[in-house]
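Per my numbering, the sequence shown starts with residue 41, numbered consecutively.
The next block holds one structure in the form of structure tokens; read it before the comments.
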Amino acid sequence: MAEVPGWYLEFAGAVTAALPPDIDEEAAQAWVDDPAGLRETLAGALGGSAAAAGPARLRNDKADEGWTLVRDDPEMPVVAGANIRGGEFPEGSEDLIGEPMVELILGINGLLGQRQAEYLMEHPNGIPEGLERYALVFPGTVWQSPDQNHQVPCLVNRGGVWEIIFGILEGGFDSRDLLAQASSE
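Right, here's the structure in full:
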């Protein structure tokens, strides 16, 4: 067995010592259960390349069903439930449908996507109360289904249980849809 260099042990100890003291068991276990996501997050935080190891695979990979991934940003941060809020869609988008809606969404950078939705699915108690009556839309990930519709992940609450669905982007948004955003608070 190769000996671990002293500098690396010192570094690993410093990283461990710098972890926030208020991490709860559920959050810690989520990282234990998702080593690829942890590796990706650490690589980004330390200035390394998460791409070298490859991004963590989407848990609900629609490519397995013949869908094409149009856009996904694996570098977007994971958001804790307390840091999520429902926001408004861009002004003028309420009347857009079809290809103009697709073009609008694809032209906006920095949107939360499927990775953040999947994280929140695993931590539904962190989603703020009051959002249950809305569909939280995560258009940072855009898929094209075999029928050529562009679809985006959405979290909906049905009977007190959050689930992920995929909404057709060409259909536009309505008053029950909120843009999932990271809260700065």
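We treat Cβ as the ideally placed atom computed from N, Cα and C, and that holds for glycine.
If you look at Glu203, you'll find it in the beta strand (DSSP E) that goes Val201 to Ile208. Per DSSP, the beta-bridge partners of His190 are Gln184. With fewer than 16 other Cβ atoms from the protein chains shown falling within 10 Å of its own Cβ, Arg198 counts as exposed.
Beta-carbon to beta-carbon, Glu128 and Leu219 are separated by about 7 Å, close enough to satisfy the 8 Å threshold. Looking at the DSSP output, Leu160 bridges to nothing.
In the DSSP annotation of this structure, the continuous segment of the alpha helix (DSSP H) that includes Asp73 starts and ends at Glu65 to Asp73. The segment 130–143 makes no contact with the segment 152–161, as fewer than three CB pairs between them are under 8 Å. A distance below 6 Å between beta-carbons, with the five flanking residues on each side excluded, links Phe213 to the following residues of its chain, in chain order: Phe129.
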